[in-house]
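In what follows, a structure is listed as structure tokens, so that the remarks can point back to it.
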Ligand code: AMP
Ligand code: MG
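Numbering (the numbering used here), first residue to last: 594 to 1012.
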């Protein structure tokens, strides 16, 4: 680990009881910094990774002025003043094609056959489209374009050598690889992947696929959170599903602190008898339990175990999912060296009614109708995991009261933009 976090960075000011979502996010944002080291990798391995440093162009792009079309290149100046007149220029022998620059200089008042991407030959600055030109008897005739430089791309018009083309903290997208390649960058400085351990807790949990036993439920959180972590661009470390016993959970946290940069746990985050995560962190680590004014969610235990931050998410899979997207995602992004990612929301008309009470921010499982309105799952029951797969995003209702009627503008956050 290249940087340590302060173990009091999650502490709340005295007297704070219910933490509004925005305050919780602001505290995470202030308290966390990147903890990952730096390595370098070839472009082909860089997609989805985080840039460790600003990257500068190694050369201009385009490296030379070139043609945007197939046509005929000539010098605009040589046409004279009257642009209404049809031009009639002798054709220079030869041609310019991409990868095959024309070697000589095109004499003033002459034109040369040119293909898309070819460097503009010396003596030319403008290109006329081949469909707008007539060729015959060694000459080319055309109505001149209105402007000099038409249909050409200037040297360095896309990037200048030395200019910062991508900034540190950016998560590299496929299109960024095109940008980097275009300016001659083949090797990029990257953050090492953040390792995030996932631990499920609860005596009732058994792994998916095993025969059911009385009193058991299947562990939904671990496969979901591990996959989310991978989508966020981090490496997931599996700490298993552990019984609610201090000894087992302590051993798992020790393992997590050894193998990972952050630990996500689910279950046992409240103050109940079996809430070992809160208790262990309180007694043997450091913890702040945030009662976040959010639905679904509420208890979010944030602490440190052997110097590694622990995000104690609620056990309920719907609440765990929402809290992972809204709180863990930006927090982990910062630890991984990214800029704090603001969730992308769009305002759309509601396709539902709801009288929302004041006090807690609410996230409803939602999806867009074909005409762009947000409909919500038929039940807000947070035990209904089916509503997660039914939905393709969340509607975020503000902390205050709101009387939503069909057509009321609401903020819709697509899952696709939260991954
Ligand atoms: P807890 O936060 O431990 O009180 O758990 C809240 C609810 O979520 C309980 O109904 C648990 O059975 C359930 N739950 C906890 N962890 C999981 C899990 N990994 N998968 C599915 N349900 C869970
Ligand atoms: Mg439990």
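Beta carbons are placed, not taken as given, at the ideal position from N, Cα and C, and that holds for glycine. Just so you know, these numbers come straight off a predicted model, no measurement behind them.
Let me check you understand the geometry: is the CB of residue 816 closer than 7 Å to at least one non-hydrogen atom of the ligand AMP? no
Check: Just to check, is the beta-carbon of residue 837 closer than 7 Å to a non-hydrogen atom of the ligand MG?
Finding: yes
Check: Can we count residue 946 as close to the ligand AMP, meaning its CB is less than 7 Å from some heavy atom?
Finding: no
Requested in this report: With DSSP collapsed to three states, give me the class of residue 627.
Outcome: coil
**Request:** Quick one: using the 10 Å Cβ neighbour count with 16 as the cut-off for buried, is residue 883 buried or exposed?
**Result:** buried
(message) Do residue 642 and residue 777 have their beta-carbon atoms positioned less than 8 Å apart in this structure?
(response) no
Q) For residue 744, which residues from the same chain have a beta carbon less than 8 Å from its beta carbon, with the 5 sequence-adjacent residues on both sides left out? A) 660, 661, 662, 664, 719, 720, 721, 722, 738
Less than 8 Å separating the beta-carbons of residue 648 and residue 821?
no
Within 10 angstroms of the Cβ of residue 899, are there 16 or more other Cβ atoms? Answer buried if so, exposed if not.
exposed
- Starting from residue 794, follow the beta strand (DSSP E) in both directions and report where the run begins and ends. 788-794
Proximity test, residue 984 beta-carbon vs the ligand AMP heavy atom, cut-off 7 Å: no
ask   = Regarding residue 899 and the ligand AMP, is the C-beta to nearest heavy atom distance less than 7 Å?
value = no
| message | Along the chain, where does the beta strand (DSSP E) containing residue 732 start, and where does it finish? | response | 732-735
Discussion item. Looking only at its chain, what residues have a beta carbon closer than 6 Å to the beta carbon of residue 948, apart from the 5 residues adjacent to it on each side?
Written reply: 996
Margin query: Which of the three DSSP states is assigned to residue 931 in this structure?
Written below: coil
heavy atom of the ligand AMP below 7 Å from residue 803 C-beta = no
Practice problem: Just confirm the distance between the C-beta atoms of residue 893 and residue 916, as a whole number of angstroms; I'd bet it's less than 8 Å. | Solution: 6 Å
Suppose you measure from the CA of residue 852 to the CA of residue 694; what does that come to, to the nearest Å?
55 Å
Per-residue DSSP class, three states only, for residue 635: strand
Check for me: the beta strand (DSSP E) holding residue 841 runs from which residue to which? Counting along the chain, residue 841 falls outside any beta strand (DSSP E), though it belongs to the alpha helix (DSSP H) covering 839-852.
Ordered along the chain, which non-local residues of its own chain (more than five positions away) have a Cβ less than 6 Å from that of residue 595? Below a pLDDT of 50, predicted positions are generally treated as unreliable, and residue 595, at 45, falls in that range; no measurement from the model is reported.
Coil, strand or helix - residue 1003 by DSSP: strand
Using only CA atoms, which one of 611, 964, 644 lies nearest to residue 784? 644
| request: Return yes when at least one heavy atom of the ligand MG lies under 7 Å from the C-beta of residue 890, else no. | output: no
Excluding the 5 residues flanking residue 1015 on each side, which residues of the same chain have their C-beta closer than 8 Å to its C-beta? Given a span of 594 to 1012 for the chain in the structure shown, any question on residue 1015 remains unanswerable.
Worksheet item: Fully enclosed by the segment 910-998, which alpha helix (DSSP H) runs are 4 residues long or longer?
Response: 910-916, 922-928, 979-983
Just to confirm before moving on: does the CB-CB distance between residue 625 and residue 928 stay below 8 Å? yes
**OP:** Kindly examine the ligand HEM and report whether one of its heavy atoms sits closer than 7 Å to the Cβ of residue 812.
**Re:** The ligand HEM is absent from the structure shown, which contains only the ligand AMP and the ligand MG.
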